[in-house]
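The sequence shown begins at 1 in the numbering used here and counts up by one. Positions of the beta carbon are idealized from the N, C-alpha and C atoms, including for glycine.
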Amino acid sequence: MENAKSKIKLGIYGIGLLMMGVIGISSSLSTIGAKFPEASQTMIQNLISIPCIVIIPTTIVVGKLMQTISKKNIALAGIIIFLIGGSAPAFMTSFTTILVMRGILGVGIGICQVVSTAIVADNFSGVEQQKVQGTLQASQMAGAAIMVFAGGWLTEVRWNYVFFVHLLAIISLILVAVMVPNTKPEKMTTTGDVQKTKLTSATWGWVIFMFILFISVQVYSISLSFLVTEKNLGTAADSGLGLAFFAIGGIIMGLLYGSLAKRTKNCAIAVGCLMLAVAYVVIAFAGSMIVCHIGSILVGMAVSAALPGIFINTGMSVDGFSAGMAISVVTCAQNFGQFCCPYIINPISASISGGRSVNFMCFIIGAVVAAALTILMLVWGVKKNRQVI
Numbered sequence: 001m002e003n004a005k006s007k008i009k010l011g012i013y014g015i016g017l018l019m020m021g022v023i024g025i026s027s028s029l030s031t032i033g034a035k036f037p038e039a040s041q042t043m044i045q046n047l048i049s050i051p052c053i054v055i056i057p058t059t060i061v062v063g064k065l066m067q068t069i070s071k072k073n074i075a076l077a078g079i080i081i082f083l084i085g086g087s088a089p090a091f092m093t094s095f096t097t098i099l100v101m102r103g104i105l106g107v108g109i110g111i112c113q114v115v116s117t118a119i120v121a122d123n124f125s126g127v128e129q130q131k132v133q134g135t136l137q138a139s140q141m142a143g144a145a146i147m148v149f150a151g152g153w154l155t156e157v158r159w160n161y162v163f164f165v166h167l168l169a170i171i172s173l174i175l176v177a178v179m180v181p182n183t184k185p186e187k188m189t190t191t192g193d194v195q196k197t198k199l200t201s202a203t204w205g206w207v208i209f210m211f212i213l214f215i216s217v218q219v220y221s222i223s224l225s226f227l228v229t230e231k232n233l234g235t236a237a238d239s240g241l242g243l244a245f246f247a248i249g250g251i252i253m254g255l256l257y258g259s260l261a262k263r264t265k266n267c268a269i270a271v272g273c274l275m276l277a278v279a280y281v282v283i284a285f286a287g288s289m290i291v292c293h294i295g296s297i298l299v300g301m302a303v304s305a306a307l308p309g310i311f312i313n314t315g316m317s318v319d320g321f322s323a324g325m326a327i328s329v330v331t332c333a334q335n336f337g338q339f340c341c342p343y344i345i346n347p348i349s350a351s352i353s354g355g356r357s358v359n360f361m362c363f364i365i366g367a368v369v370a371a372a373l374t375i376l377m378l379v380w381g382v383k384k385n386r387q388v389i
């Protein structure tokens with residue numbers, strides 16, 4: 001039994017490697033922008049935003065599919081789609097066609113994001129679930145670290161080589177095929193009635209929170225490369241290293257999440273939001289890549305501190321049958337926030353920059369949003385902790 005659980009964990013972590021595939025090319029945005037001078041900065045940022053918007057309907061569809069199709073088969077399909085959509089742009093020169101393939105990549109990522117967390121909810125509970133969810137977050141960051149670090153260096157060789165970072169999916173494909181059991185979902189209750197999905201008001205609260213949080217989080221992915229170039233702090237490879245430090249911070253916190261949750265209980269999400277606010281201030285005023293890297297580590301730790309608690313509480317807000325769909329909807333909100341970020345943050349930053357860098361103001365606004373969420377989740381967490389006592 002324990003050996004079977006260990007194998008399932010490896011399969012879950014294999015899927016996790018791809019969950020942040022959206023930002024795999026983030027370190028190379030400015031270089032890609034130079035290759036397509038006719039495209040605006042916002043249009044170049046659509047290489048990140050398009051997958052996010054495609055993920056939104058994908059997560060809802062996957063939530064329904066998981067009620068009738070085994071999660072293993074869904075995961076395998078998602079990984080193959082990720083592999084095709086992610087790697088194909090390396091052979092293309094049309095920006096429009098590349099955007100289309102990025103949309104296909106988004107389908108694969110959307111499947112991976114939902115099915116991985118759903119498999120965790122199906123197979124683990126209590127303290128073990130917290131540990132597995134934290135380690136899933138760590139594997140997610142490890143995948144991001146590999147992709148953004150390799151992507152920065154590949155871009156230095158040739159701009160389109162960055163898309164080859166998505167070949168990481170081959171490892172995930174093998175792990176899922178070998179480690180995850182092909183278990184079909186049960187659609188009937190013990191009385192023989194067909195179960196129906198029921199989302200609660202608490203679930204919708206997490207949906208709204210996740211949306212706002214990831215408007216803030218996405219500032220890092222879409223603005224770091226431009227800020228580094230604008231301030232002459234480094235090259236695309238240096239930005240890639242910064243994003244790798246982000247992932248390293250996430251790995252560290254993911255592995256430590258069990259201890260953090262044990263000490264802070266329901267305040268772990270507030271800790272993550274606070275770290276994000278501090279990190280953005282550090283990056284905004286950074287005068288060197290070293291300081292940027294410190295901020296990047298903090299951003300990664302912040303995301304890994306906040307996400308597990310959000311998904312665990314989302315799963316707990318509904319019955320077991322509805323958990324998959326609840327996780328899908330919250331994941332949908334996460335990606336909708338990422339998509340909306342440049343269309344909300346960029347205009348606001350431009351209107352209040354007052355002669356300062358727009359990218360600088362993006363990080364300042366992101367810090368303010370994160371600080372507000374810190375207060376909200378601290379009040380919620382303290383209240384919940386008192387109820388437990």
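Residue from the options whose Cα sits closest to the Cα of residue i
i	options	result
residue 346	203, 355, 363	363
residue 318	198, 104, 51, 10	198
residue 135	328, 9, 276	9
residue 176	76, 63, 32, 307	76
residue 282	271, 60, 297	297
residue 223	86, 82, 342	342
residue 16	316, 117, 174, 207	117
residue 180	119, 210, 158, 229	119
residue 126	50, 247, 265	265
residue 377	208, 21, 320	208
residue 45	63, 7, 99, 92	99
residue 374	14, 263, 276	276
residue 230	201, 286, 269, 261	286
residue 384	90, 268, 350, 340	268
residue 19	279, 59, 41	59
residue 274	238, 366, 354	366
residue 92	147, 368, 158	158
residue 372	221, 270, 39	270
residue 330	151, 228, 173, 206	206
residue 279	233, 33, 369, 101	369
Assumed close pair residue i, residue j - CB separation to whole angstroms, cut-off 8 Å
i	j	result
residue 357	residue 225	Not confirmed; about 14 Å, so no contact.
residue 242	residue 166	With a Cβ gap of about 20 Å, residue 242 and residue 166 do not count as contacting.
residue 95	residue 36	5 Å
residue 31	residue 203	Actually they are not in contact, since the Cβ atoms of residue 31 and residue 203 sit about 41 Å apart, beyond 8 Å.
residue 328	residue 103	Their Cβ separation, rounded to whole angstroms, is 19 Å, which puts residue 328 and residue 103 out of contact at 8 Å.
residue 5	residue 123	7 Å
residue 48	residue 74	Not a contact, Cβ separation roughly 24 Å.
residue 12	residue 129	The pair is not a contact, with the Cβ atoms about 11 Å apart (cut-off 8 Å).
residue 324	residue 171	That belief does not hold up - the Cβ atoms of residue 324 and residue 171 are roughly 25 Å apart, past 8 Å.
Beta-carbon proximity check, residue i vs residue j, cutoff 8 Å
i	j	result
residue 78	residue 115	yes
residue 305	residue 272	yes
residue 303	residue 250	yes
residue 65	residue 86	no
residue 338	residue 218	yes
residue 246	residue 299	yes
residue 315	residue 326	yes
residue 307	residue 41	no
residue 436	residue 145	Here the chain covers residues 1 to 389 and nothing more, so residue 436 does not appear.
Handout entry: Segment contact, 8 Å Cβ cut-off, at least three pairs: the segment 47–62 with the segment 249–265
Key = At 8 Å Cβ cutoff, the stretches do not touch.
Exercise for the section: Go through the segment 238–287 residue by residue and report every complete run of the alpha helix (DSSP H) that reaches 4 residues or more, in order. Expected result: Entirely contained in the segment 238–287, the alpha helix (DSSP H) runs reaching 4 residues are, in chain order, 268–284.
Exercise for the section: Counting only runs of 3+ residues fully inside the segment 118–142, write out the beta strand (DSSP E) ranges in chain order. Expected result: none
Handout entry: Secondary structure, alpha helix (DSSP H): runs of 4+ residues fully inside the segment 149–211
Key = You should have 169–179.
Exercise for the section: Flag this pair as touching only if the segment 105–112 and the segment 79–90 have three or more C-beta atom pairs under 8 Å; answer yes or no. Expected result: Segments in contact, yes.
Problem - the segment 360–376 touching the segment 61–73, judged by at least three CB pairs closer than 8 Å - result: Result no; under three Cβ-Cβ pairs closer than 8 Å.
Practice task
Count the CB pairs spanning the segment 208–218 and the segment 322–334 that are closer than 8 Å, and state whether there are at least three.
Solution key: yes
Practice task
Starting from the N-terminal side, write out each stretch of the alpha helix (DSSP H) that is 4 residues or longer and does not extend beyond the segment 282–346.
Solution key: Entirely contained in the segment 282–346, the alpha helix (DSSP H) runs reaching 4 residues are, in chain order, 289–316.
Problem - Segments assigned alpha helix (DSSP H), at least 4 residues, entirely inside the segment 9–72 - result: 29–35, 41–65
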